[in-house]
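Notes follow the structure.
Number of protein chains: 2
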Amino acid sequence: MPSRRLTATAVENDRTGSETLTLVDTAYRDLRRDIIGGVFAPGQPLRLEVLRARYGLSFSPLREALNRLQSERLVQSAPLRGFSVAPFSAAQMWDAVETRVLVECEALRRAIAAGDDAWEARIVAAFHALNLKTKRLATRTTPPSAEEAQEIETSHYEFHRALIDVCGSPRLLDLSDKLYAETERYRQPTLTGRTPKGTPRDVALEHREIMDATLAREEARAIELLAAHYRRTATLVEASLEAE
Amino acid sequence: MPSRRLTATAVENDRTGSETLTLVDTAYRDLRRDIIGGVFAPGQPLRLEVLRARYGLSFSPLREALNRLQSERLVQSAPLRGFSVAPFSAAQMWDAVETRVLVECEALRRAIAAGDDAWEARIVAAFHALNLKTKRLATRTTPPSAEEAQEIETSHYEFHRALIDVCGSPRLLDLSDKLYAETERYRQPTLTGRTPKGTPRDVALEHREIMDATLAREEARAIELLAAHYRRTATLVEASLEAE
DNA sequence: CTAGGAAGGATTTTCGAAAGAATCAATCTT
DNA sequence: AAGATTGATTCTTTCGAAAATCCTTCCTAG
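For the protein sequence lines, the chains are A and B, in the order given.
Just so it is clear: in the first sequence, position 70 is 70 by this note's numbering, and no numbers are missing.
Just so it is clear: in the second sequence, position 107 is 107 by this note's numbering, and no numbers are missing.
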């Protein structure tokens with residue numbers, strides 16, 4: 001079966017049109033998912049032979065994918081000692097969160113100044129979609145499946161992204177994406193578990209307040225709410241980290 | 001000569017102690033230097049075969065180095081179309097500069113709050129070293145050699161780095177480094193050429209004012225001066241870009 | 001009994017070739 | 001003559017093996 005190298009992924013993808021996925025892209029996507037999803041524990045070495053077996057790829061695309069992930073601080077590497085999953089630490093999480101606050105508040109500031117009708121509509125739509133999915137899950141007793149959790153996560157991402165999408169700076173959006181992925185890793189345990197004892201938190205309300213202030217173009221208030229939103233999450237994550 | 005693969009670089013480096021350089025590291029360093037130095041023109045495709053001949057390396061380390069450079073926005077790539085030098089544009093430069101202002105002003109804020117005696121000493125030393133080199137060059141009529149230009153550039157970097165080194169955030173420092181490299185590429189033509197007609201600019205004075213405000217812990221003033229410093233450079237670069 | 005060092009195995013890094021995709025030019029069709 | 005098609009060429013991407021390095025263990029000498 002030597003003829004399925006690039007083709008396999010191209011076929012898998014030809015539904016979407018002209019975008020071509022190389023094996024590097026699939027390796028990147030899969031590794032990222034598995035690291036964020038906790039399949040590999042923080043600090044764990046990522047032996048190339050193991051990855052080769054798991055993903056059915058050769059060294060080259062794996063190394064390249066790992067390099068990309070390193071630039072997002074999801075993996076670490078030492079010169080002749082290979083790669084490993086970036087370790088967990090409260091300090092690192094707070095640094096990521098505070099950097100995210102800095103970046104996204106600036107982006108939100110610019111978006112509020114530049115946003116048009118389409119921008120507002122997209123925010124409202126994303127908020128609604130996220131709420132639908134969240135509420136549907138809240139009424140059930142069974143824990144969400146992996147796909148459902150992923151869907152919520154995507155909607156959550158899209159809401160926050162919709163807020164700042166029109167900020168006009170590719171670099172700020174890029175940074176926002178990377179920091180989102182980095183913090184997602186830390187949120188994961190919090191999400192699958194329940195909220196730590198007696199901390200009633202209405203995330204949907206927080207989102208609504210951020211949205212309202214943004215659409216009302218109340219810059220200072222929107223920024224304040226957004227920052228508080230991220231820091232509140234970080235505080236909870238920190239608590240659950242220390243609980244180990 | 002099959003025995004000089006990793007050894008060549010290890011030997012070259014064993015003066016500094018235990019750090020080992022892989023071929024990826026050297027490829028990264030050399031490519032970065034050449035791209036920033038303008039050896040490869042903006043937009044120019046970076047054919048692997050050409051790079052292979054130029055640097056005497058195989059594809060693997062080159063690809064990995066190019067990937068790293070891509071995360072710093074010094075090179076671009078399209079899925080099956082290879083790599084190319086990131087193109088020049090005023091918009092991209094301004095985005096990099098404004099992001100740098102955001103990041104470094106925050107870092108400076110924190111450094112001013114956290115800095116101790118050693119921090120102050122290092123700033124003064126870096127400022128002095130930079131001034132020495134600059135003045136030595138200013139008294140001459142011959143244009144600076146490549147090494148001299150590189151030395152100035154390094155001193156300049158070290159001064160700006162000394163200001164924020166104690167900010168406490170690895171991410172902010174990392175971003176600062178990347179954005180420095182990115183903007184260095186744009187400054188290069190301005191540096192080697194003369195200042196555009198009749199724009200008297202005393203960079204040394206600007207540096208001194210930033211340093212003074214910083215050491216006096218006048219946060220607001222230091223930040224304002226730093227931002228103005230970067231934006232002034234950007235304005236000059238923009239003018240020389242439009243002059244083409 | 002401990003420190004130093006060498007052998008062996010595990011792992012990363014690098015290489016060169018082979019496979020797949022894009023590009024360009026020439027040819028054929030309408 | 002314009003557009004589509006085919007073929008040759010160039011280039012990127014991927015692979016698997018070889019080389020270099022790290023790490024562990026075992027041995028020897030003090």
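Think of the CB as a built atom: it goes at the ideal place given N, C-alpha and C, for glycine as much as any other residue.
Note that the structure is a prediction, hence the values are computed from the model and not measured.
In terms of beta-carbon proximity, S169 (chain B) lines the interface with chain A, with at least one pair separated by less than 8 Å. Between P45 (chain B) and S84 (chain B), the CB-CB gap stays under 8 Å. Assigned with DSSP and collapsed to three states, Q44 (chain A) falls in coil, not helix or strand. Proximity of S71 (chain A) to chain B, defined by a Cβ-Cβ separation below 8 Å, is satisfied.
Apart from the 5 residues on each side of it in sequence, W119 (chain A) sits with its Cβ closer than 8 Å to the Cβ of A111, A162, D165 and V166 in its chain, given in chain order.
For V237 (chain A), the secondary structure class from DSSP, reduced to helix, strand or coil, is helix. In the three-state reduction of the DSSP assignment, S58 (chain A) falls in the coil class.
The shortest C-alpha to C-alpha distance from R54 (chain B) to any of B:N67, B:D34 and B:R73 is the one to B:D34. For T154 (chain B), no chain A residue has a C-beta closer than 7 Å to its own C-beta; the minimum C-beta separation is roughly 23 Å. Under a 10 Å Cβ-count criterion, S176 (chain B) is classified as buried, with 16 or more other Cβ atoms of the shown protein chains found around its own Cβ. Under a criterion of Cβ atoms nearer than 8 Å, no residue of chain B is adjacent to R185 (chain A); the nearest Cβ is some 15 Å distant.
For D116 (chain A), the closest alpha carbon among the candidates A:V39, A:I223 and A:G168 is that of A:G168. Fewer than three Cβ pairs drawn from the stretch 84–101 of chain B and the stretch 136–150 of chain B lie within less than 8 Å of each other, which leaves the two stretches out of contact.
In the displayed model, V39 (chain B) falls within coil according to three-state DSSP, outside both helix and strand. The beta carbon of S155 (chain A) sits closer than 6 Å to those of A129, L130 and K133, all from its chain and outside the five residues before and after it, given in chain order. A straight line joining the alpha-carbon of A78 (chain B) with that of L23 (chain A) spans about 14 Å. For A86 (chain A), there is no enclosing alpha helix (DSSP H), as DSSP marks it with neither H nor E.
DSSP places S155 (chain B) in the uninterrupted alpha helix (DSSP H) bounded by A146 to I164. V97 (chain A) sits close to Y230 (chain A), with the two beta carbons spaced by under 8 Å. With respect to the 8 Å criterion, A204 (chain A) and W94 (chain A) are not classified as neighbours on the basis of their beta carbons. Out of A:L48, A:L241 and A:G56, the CA that lies nearest to the CA of R81 (chain A) is found in A:L48. Using a Cβ distance threshold of 8 Å, L31 (chain B) and A65 (chain B) count as a contacting pair.
DSSP places A243 (chain A) outside both helix and strand once states are collapsed to three, so it counts as coil. Under the three-state reduction of DSSP, A78 (chain A) is assigned to strand.
Under a criterion of Cβ atoms nearer than 9 Å, no residue of chain B is adjacent to E238 (chain A); the nearest Cβ is some 17 Å distant. R63 (chain A) has a beta carbon lying within less than 8 Å of a beta carbon in chain B. Taking a C-beta distance under 8 Å as the contact criterion, I152 (chain A) and M211 (chain A) do not qualify as a contact pair. The DSSP assignment places complete alpha helix (DSSP H) segments of no fewer than 4 residues inside the stretch 100–138 of chain B at 117–138, in order along the chain.
A227 (chain A) is a Cβ neighbour of C105 (chain A), given a cutoff of 8 Å. Against chain A, the beta carbon of E219 (chain B) has no neighbour under 7 Å; the closest one sits roughly 16 Å away.
Within chain A, the residues placing a beta-carbon under 9 Å from that of L102 (chain B) are L102, V103, E106 and L172, ordered along the chain. Interface criterion met: the Cβ of N67 (chain B) is under 8 Å from a Cβ in chain A. Within the stretch 81–97 of chain A, those residues whose Cβ lies closer than 7 Å to any Cβ of chain B are, in chain order, D95 and A96. Nearest to S145 (chain B) by alpha-carbon distance, out of B:R52, B:G37 and B:A27, is B:G37. For D202 (chain A), there is no enclosing alpha helix (DSSP H), as DSSP gives it neither H nor E.
Chain B places no beta carbon closer than 8 Å to that of P42 (chain A), leaving this residue out of the contacts.
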